[in-house]
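Written out below as structure tokens is the structure these notes cover.
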Amino acid sequence: MAIVSMKQLLEAGVHFGHQTRRWNPKMKEYIFTERNGIYIIDLQKTVRLIDVAYNFIKEVVANGESVLFVGTKKQAYEAIREEAQRCGMFYVNERWLGGMLTNFTTIRSRVQRLKELEKMEEEGAYEVLPKKEVLGLRKEHEKLQRFLGGIRDMDRLPGAVFVVDPRKERIAVAEARKLRIPIVAIVDTNCDPDEIDYVIPGNDDAIRAIRLLTGIIADAVIEGKEGQQGMEAALAEEQAEAELDAEVDVEVDAEDLDDEDYEDEE
7 MAIVSMKQLL EAGVHFGHQT RRWNPKMKEY IFTERNGIYI IDLQKTVRLI DVAYNFIKEV
67 VANGESVLFV GTKKQAYEAI REEAQRCGMF YVNERWLGGM LTNFTTIRSR VQRLKELEKM
127 EEEGAYEVLP KKEVLGLRKE HEKLQRFLGG IRDMDRLPGA VFVVDPRKER IAVAEARKLR
187 IPIVAIVDTN CDPDEIDYVI PGNDDAIRAI RLLTGIIADA VIEGKEGQQG MEAALAEEQA
247 EAELDAEVDV EVDAEDLDDE DYEDEE
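Numbering (my numbering), first residue to last: 7 to 272.
Here it is, written out as structure tokens:
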């Protein structure tokens, strides 16, 4: 059974592409027809490719890796944050800072600075500082939280990146490709699908479409986490059984030892 139905995609407007004059010819295979100067995306292909992307994300998470949600356009802002938080993953919904992936060490140092500022305020350090200095520190904290809050707990590179509108997020896509991090993306008719590992052909401008597709990826993460817990439980059970077998073997060996095996050396 498909992850999502054609009816759900139609109701969310996932099938509406861009104007025919604003298209990328590489998207031709994902286009069903043209209507009133607008390309209509082939939702049968979208349904199938959603299944592929869903299973990939589920596998990534089940293997203990994370997924970074990226979407900085205003239509994606809330969906990216809310769905990433719902599934316990990381996100960037403000401006993508160059080097967020390729210069990860520096980004982590800025996250550490964010945490230091929070600790200073919690411990009351601001109370003994001049008001002007406190104002500057709070402004710095606000800026760091705005741009890095969604990745503050991401202590290593993600196993995959999910992108809304790879054309707008071209820097994020370029960095992920450079590091060979797989990319799953909502790809509209004006985008280049060759840059994406797991293409989801669809409307990347409509809020409802973005919400639906981002929610599906979040669901895949949640299911992947359940699979990871199952794998960990099975591994723990196997380890416990192995330890028990080892204990039994030791007991048997001890019973097989006769007193005559011990000779008085005196």
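No residue lacks a Cβ here, since even glycine has one placed at the ideal position from N, Cα and C.
Handout entry: Backbone CA spacing between R41 and W29 [nearest angstrom]
Key = 14 Å
Handout entry: Pairwise C-alpha distance: L74 and V205
Key = Answer to the nearest angstrom: the Cα atoms are 16 Å apart.
Problem - Complete alpha helix (DSSP H) runs within the stretch 83-153 (minimum length 4 residues, chain order) - result: 83-92 and 110-128
Practice task
Keeping to the same chain, check which residues put their C-beta closer than 6 Å to that of E71; ignore five residues upstream and five downstream.
Solution key: Contacts found: G165.
Practice task
Assign A1 to one of three DSSP states: helix, strand, or coil.
Solution key: One cannot answer for residue 1 here, as it falls past the ends of the chain, which runs 7 to 272.
Practice task
Report yes if the C-beta distance between L150 and L107 is below 8 Å; otherwise report no.
Solution key: no
Practice task
Helix, strand or coil for E269, going by three-state DSSP, please let me know.
Solution key: Note that E269 has pLDDT 49, beneath the 50 cutoff, so the model's placement of it is unreliable and the number below is only indicative. Reduced to three states, the DSSP call for E269 is coil.
Practice task
List the whole-angstrom C-beta distance separating A178 from V169, where the pair is believed to meet the contact cut-off of C-beta under 8 Å.
Solution key: Contact holds; Cβ gap of about 6 Å.
Practice task
Return the chain-ordered list of same chain residues with a C-beta closer than 6 Å to the C-beta of A90, the five sequence neighbours on each side being excluded.
Solution key: Closer than 6 Å at Cβ, skipping near neighbours: F75 and Y97.
Problem - For V169, three-class secondary structure by DSSP - result: strand
Handout entry: Cβ-Cβ separation, I216 to Q81 (assumed contact under 8 Å), whole Å
Key = 6 Å
Practice task
Following the continuous alpha helix (DSSP H) through Q14, name the residue where it begins and the one where it ends.
Solution key: It spans M12 to A18 - the alpha helix (DSSP H) in which Q14 sits, taken as one unbroken run.
Handout entry: Check whether A23 and I37 have beta carbons under 8 Å apart
Key = For clarity, residue 23 is Gly in the given sequence; the question names Ala instead. G23 is a Cβ neighbour of I37, given a cutoff of 8 Å.
Problem - Residues that DSSP places opposite F22 in a beta bridge - result: I46
Handout entry: Contact set for R214: own chain, Cβ-Cβ below 7 Å, skip 5 residues either direction
Key = Answer for R214: A18 and G19, listed in chain order.
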